[in-house]
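Enquirer: Just passing along the structure, written as structure tokens.
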Amino acid sequence: MSSDRRLRRSDRPQLASRYCLQSLTRRHRLSAMVLADDQGRLVAGAEGEPCGPGYLANRVADGYGRQLASIARETFETNARRDEDLTDRFGEPVRALPVHAGGRRFFLVTVGTPRDADAACVAASSALRRIFDPSNAPQPIAA
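Adding 5 to a residue's 1-based position in the sequence shown gives its number in my numbering.
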């Protein structure tokens with residue numbers, strides 16, 4: 006990836022977050038992965054689905070993404086109290102975990118198998134810290 010493209014993306018953390026979540030959704034074969042701010046507003050998200058032998062991940066539909074984001078904190082608190090996952094209308098586990106990045110608290114909401122969701126959240130946490138930390142932004146290459 007060109008440094009010019011990386012610089013443009015680093016100026017747009019929401020876009021970089023979406024690309025990150027799309028990649029992780031595809032790699033871990035999740036039905037959805039959403040980043041919500043501490044107030045339950047959608048920051049970025051991705052939805053995934055099987056496609057032949059592979060797996061596709063695209064930008065999350067606005068309504069679905071907002072719905073998942075709005076229940077992020079409640080889902081996290083409920084999962085912690087009950088020590089079990091909530092499920093969506095199709096019976097898939099819905100989990101939420103707090104992530105601290107760039108001095109802010111976010112929630113990652115996942116829909117999919119817990120093992121895959123946990124692995125995706127570990128990778129996302131690290132990536133989101135880089136994305137939202139301005140000191141980690143790529144620097145222009147001197148000519």
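For each residue, glycine too, the CB sits at the ideal point set by N, CA and C.
For F137, does the three-state DSSP call read helix, strand or coil?
Expert: Three-state DSSP puts F137 in a helix.
Enquirer: Which residue's Cα is closest to the Cα of S36: D43, E52, A129, L73?
Expert: For the residues D43, E52, A129, L73, the minimum Cα distance to S36 belongs to E52.
Enquirer: Would you check if there are 3 or more beta carbon pairs closer than 8 Å linking the segment 50-67 to the segment 98-112?
Expert: These segments do not touch.
Enquirer: Rounded to a whole number of angstroms, what is the C-alpha to C-alpha distance between C126 and L102?
Expert: Taking the straight line joining both Cα atoms gives about 8 Å.
Enquirer: Can you list the alpha helix (DSSP H) stretches of 4 or more residues lying completely in the segment 49-96, in chain order?
Expert: The qualifying runs are 67-75, 77-87.
Enquirer: Pick helix, strand or coil for T30, following the three-state DSSP scheme.
Expert: Residue state, collapsed to three classes: helix.
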